[in-house]
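Numbering (the working numbering), first residue to last: 11 to 125.
Just so it is clear, CB atoms sit at the ideal spot from N, CA and C, and this is done for glycine as well.
The structure presented is a predicted model; accordingly, all values stated were derived computationally and were not measured.
Take a look at the structure set out below.
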């Protein structure tokens, strides 16, 4: 199973982007889906996630600006990113956490926010 991310690009500060992540196949026993980006320490930091019952979580820096949703039947996930800031610049990775099979990662998609 592969996760395919798309939707990244260049946008001016204050603008919006909508990323998407599609699974190539069915992923069993999903706990949650989400998006991570590299932090200054070059580690992937989860910024938004959504569980099977649609409970969402956001890191403090994106609260009120990012909204994550999913189409569970199609294993598609969308983060809507509004009011983008230059600090949001980075490579965003979609990820799926499962109860029994660990975590899946997609390839990254670059988001660049110009000031």
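Quick one: what's got a C-beta closer than 6 Å to residue i's C-beta in the same chain, skipping five residues either side?
i	result
residue 79	88
If we ignore side chains and look at the alpha-carbon of each, how far apart do residue i and residue j end up?
i	j	result
residue 95	residue 122	9 Å
residue 33	residue 100	22 Å
residue 125	residue 31	27 Å
residue 77	residue 67	9 Å
residue 97	residue 20	13 Å
residue 22	residue 90	15 Å
Can the beta-carbon of residue i be found closer than 7 Å to that of residue j?
i	j	result
residue 112	residue 104	no
residue 108	residue 39	yes
residue 46	residue 53	no
residue 35	residue 11	yes
residue 102	residue 13	no
Smallest Cα separation from residue i: which of the options?
i	options	result
residue 57	27, 44 and 14	44
residue 132	11, 24, 68 and 28	Beyond the ends of the chain as shown, which are 11 and 125, falls residue 132; an answer cannot be given.
residue 81	69, 64 and 74	64
residue 37	50, 48, 49 and 86	86
Give me, in chain order, the residues of the same chain whose beta-carbon lies closer than 8 Å to that of residue i; leave out the 5 immediate sequence neighbours on both sides.
i	result
residue 41	61, 62, 107, 108 and 109
Determine, using beta carbons only, whether residue i comes closer than 7 Å to chain B.
i	result
residue 102	Going by chain labels, chain B is absent from the structure shown, which holds only one protein chain.
Going by beta carbon distance, what residues of the same chain come within less than 7 Å of residue i, once the five residues before and after it are set aside?
i	result
residue 74	none
Which parts of the region 25-107 are runs of the beta strand (DSSP E), unbroken and 3 residues or longer, counting only runs that do not cross its ends?
The qualifying runs are 30-33, 40-48, 54-61, 66-68, 76-81 and 86-91.
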